[in-house]
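Residue numbering for the sequence shown follows my numbering, starting at 29 and increasing by one per position.
To start, the structure itself, in structure tokens.
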Amino acid sequence: MDKFDKHILKELQQDAKQHTKEVAKKIGLTVTPTYERIKKLEQAGIIKEYVAILDRNLIGKELVAYCQVTLVKHQKELIDLFKIAVLKLPEVMECHHVSGNFDFLLKIAVKDMNYFHDFINEKLAVIEGISTIQSSFVMNAIKSSTAYHIQ
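Structure below.
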């Protein structure tokens, strides 16, 4: 990956909707090589997908919580069962298997505290093998980015 590829990635992370012509002008190449580079970045899996980033408050997802989940045992069968179950929960925006004092870190986005209460009691806590769930609620987002720093 050279400086042009990196510049393309920076531009697309800022605005993936811009036309190839706009990207080409910003990075100092013509349209055809810029287009070919973008296609190669997509084929290589570096560009995984293009998405619209929504304002969560305007779509009724005003409560964001991070849940630290600990399993009763750290064994493959329970871990696999947990992963399968979490993939079925649309409220879970992110799920990370982590090291440290707990096993998984989940980012949950829901309408409000009542919905969160129902989600925990009726969907998350009923997953087999969970020992503890500790939740922290986002009061204010100081920085929220989807763009990776590329050097």
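Glycine included, C-beta positions come from ideal geometry on N, C-alpha and C.
In this text, all values refer to a predicted model and were calculated from it rather than measured experimentally.
- By the neighbour-count definition (other C-beta atoms within 10 Å, threshold 16), Gly88 is an exposed residue.
- For Lys116 and Thr62, the gap between their C-alpha atoms comes out near 38 angstroms.
- The beta carbon of Met121 sits closer than 6 angstroms to the beta carbons of Lys135, Ala137 from its chain, once the five residues preceding and following it are set aside; these are given in chain order.
- Between the segment 72–80 and the segment 140–148 there are fewer than three C-beta pairs closer than 8 angstroms, too few to call the two in contact.
- When secondary structure is reduced to three states using DSSP, Glu122 falls in the strand class.
- A straight line joining the alpha-carbon of Thr48 with that of Leu57 spans about 10 angstroms.
- In the structure shown, the three-state DSSP call for Thr48 is helix.
- Distance check between Glu150 and each of Val114, Val126, Cys123 places Val114 closest, using alpha-carbon atoms only.
- Taking C-beta atoms as the reference points, Ile155 and Cys95 fail to come closer than 9 angstroms.
- A residue is called buried when at least 16 other Cβ atoms come within 10 angstroms of its Cβ; Gly157 meets this threshold and is buried.
- Sequence-distant Cβ neighbours of Val92 in its own chain, meaning closer than 6 angstroms and more than five residues away, are Ala137, Val166.
- The Cβ atoms of Val97 and Phe147 do not sit closer than 9 angstroms to each other.
- Restricting attention to alpha helix (DSSP H) runs no shorter than 4 residues, the segment 125–151 encloses them at 141–147, ordered along the chain.
- Collapsing the DSSP output to three states places Leu82 in coil.
- Exposed is the label assigned to Leu86, since fewer than 16 other Cβ atoms lie within 10 Å of its Cβ.
- DSSP places Leu91 in the uninterrupted beta strand (DSSP E) bounded by 91–99.
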